[in-house]
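Note sheet for the following structure.
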Amino acid sequence: MSKKVKKKRGDDMEHSREHQELKYLWDISQSLYQYLNVDDLLLHIIKQITTVMYAEATSVILHDEEKDELVFCWSSDIPERLDKLEEIRIPLDHGIAGSVFNSGKAEIILDVAQDPRHYSDVDSATEFKTKS
């Protein structure tokens, strides 16, 4: 196969992925009007993001200002695991989430097991192995 054909095939695949991502963004924007409950809307958006990112699961962690900790608020995962997640509190000086919160800068970690900041207590409590 020539380099030109390989490049075209790669370009086509990239355009197809971009098209799919735009479709998900469109679906999310349209769903803003379909959900009356914020929790239902956020769950829908999280599921769309999980699909776009090819992730096994996605969670949203927020800052509990009263207790000055990070807490899991929503997850695309099964309800039983979400119940366990909601009980977990992450100190602001722990884990990748704490580091991101304190720096204010998003990070992409491809293998959390290799990152010394990984807060494995969450994995232990939920019986889920976080990958990235």
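Those letters in the sequence shown? Residues -17 to 114, per my numbering, in order. Where is the CB? At the ideal position from N, CA and C, for every residue including glycine. Values in this document were obtained by computation on a predicted structure and should not be read as measured data.
To which residues of the same chain is Glu51 closer than 8 Å at the C-beta, ignoring the five residues directly before and after it?
Position 69 of the sequence shown, counted from the start, is the residue given in the question as residue 51. Cβ neighbours of Glu51 beyond the five flanking positions: His45, Arg71, Ile72, Pro73 and Leu74.
Under a three-way DSSP split, which group does Phe83 fall into?
Taking the sequence shown and counting its residues from 1, the one referred to as residue 83 is at position 101. In this structure, Phe83 counts as helix in the three-state DSSP scheme.
Just checking my contact of Lys66 with Val94 at CB under 8 Å: how many whole Å lie between their CB atoms?
The residue labelled residue 66 in the question sits at position 84 within the sequence shown. The residue labelled residue 94 in the question sits at position 112 within the sequence shown. Not quite, the Cβ-Cβ distance comes to about 18 Å (not below 8 Å), so this is no contact.
Which residue from Gln12, Gly80, Asp9 and Leu64 puts its Cα closest to that of Cys55?
Counting from 1 along the sequence shown, the entry for residue 55 is found at position 73. Nearest of Gln12, Gly80, Asp9 and Leu64 to Cys55, Cα basis: Leu64.
Could you round the C-beta distance between Thr40 and Tyr6 to whole angstroms and report it? I think they count as a contact, below 8 Å.
On the sequence shown, residue 40 is found 58 positions in, with the first residue counted as 1. On the sequence shown, residue 6 is found 24 positions in, with the first residue counted as 1. Their Cβ separation, rounded to whole angstroms, is 13 Å, which puts Thr40 and Tyr6 out of contact at 8 Å.
Hey, His26 and Tyr17 are a contact pair by Cβ (cut 8 Å); roughly how many whole angstroms apart?
In the sequence shown, the residue the question calls residue 26 occupies position 44. In the sequence shown, the residue the question calls residue 17 occupies position 35. Yes, they are in contact, since the Cβ atoms of His26 and Tyr17 sit about 6 Å apart, within 8 Å.
Excluding five sequence neighbours on each side, which residues of the same chain lie with their C-beta closer than 6 Å to the C-beta of Ile43?
Counting from one through the sequence shown, the residue named residue 43 turns up at place 61. For Ile43, where only same-chain residues beyond five positions count, the Cβ hits under 6 Å are Leu52, Phe54 and Ala79.
Are there 16 or more other CB atoms within 10 angstroms of the CB of Gly77, so buried, or fewer, so exposed?
Counting from 1 along the sequence shown, the entry for residue 77 is found at position 95. It is buried - the Cβ of Gly77 has at least 16 other Cβ atoms within 10 Å.
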